[in-house]
Amino acid sequence: MEAEHYFTNLALAALVDGVLDDNERLLLERHAENLRLTSEQAQSVLNRVASGELKSFYKPSSKEAREKAFHAVVRILRADKKLTGKEQRMIVALGHHMEIPDAMIDEALKPKKGG
-12 MEAEHYFTNL
-2 ALAALVDGVL
8 DDNERLLLER
18 HAENLRLTSE
28 QAQSVLNRVA
38 SGELKSFYKP
48 SSKEAREKAF
58 HAVVRILRAD
68 KKLTGKEQRM
78 IVALGHHMEI
88 PDAMIDEALK
98 PKKGG
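With our numbering applied, the sequence shown has no gaps in its numbers, which climb one by one up to 102 at the end.
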């Protein structure tokens, strides 16, 4: 999966509630660095997601890559320590889109201890 596609998935998740809080922004910045995206590339993706130009999740071909991408999106959604209804629906929809087992989706929706 291309770095920009992976980052697009994360940006779509971070912006699902229309707000990019500090924790989400920090996580996105770290992912952009790890993916070796320039700040301009990362900002371009964020702008295109915010404008509605990019609105579809990229689906990796391998099961392992899909699960890794799914977990990364869940981490972004949980960065602010709460899951809104919209974020919960995104986890379910993305899980089905990425062919993630139901048990893994259910685990992603469970309240986390200490937050």
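Where a beta carbon is used, it is the ideal one built from N, C-alpha and C, also for glycine.
Using a Cβ-Cβ cutoff of less than 8 Å, which residues in the same chain neighbour residue i once the five nearest sequence positions on both sides are dropped?
i	result
A37	L2
A59	Y(-7), N(-4), L(-3) and H18
How would you call residue i, buried or exposed, if buried means at least 16 neighbouring beta carbons within 10 angstroms?
i	result
T71	exposed
L96	exposed
V32	buried
E11	buried
Using a Cβ-Cβ cutoff of less than 6 Å, which residues in the same chain neighbour residue i once the five nearest sequence positions on both sides are dropped?
i	result
L14	I63 and A66
I need the straight-line Cα distance from residue i to residue j, nearest angstrom please.
i	j	result
Q28	Y(-7)	12 Å
Can residue i and residue j be called in contact, C-beta distance under 8 Å?
i	j	result
K46	R35	no
A0	M91	no
K73	D8	no
The ligand FMN and residue i: does any heavy atom of the ligand fall closer than 7 Å to the residue's C-beta?
i	result
L41	The ligand FMN is not part of this structure, which contains no ligands at all.
Is it a yes or a no for the segment 20 to 33 touching the segment 78 to 93, going by three-plus beta-carbon pairs under 8 Å?
-> Counting Cβ pairs under 8 Å, fewer than three are found: no touch.
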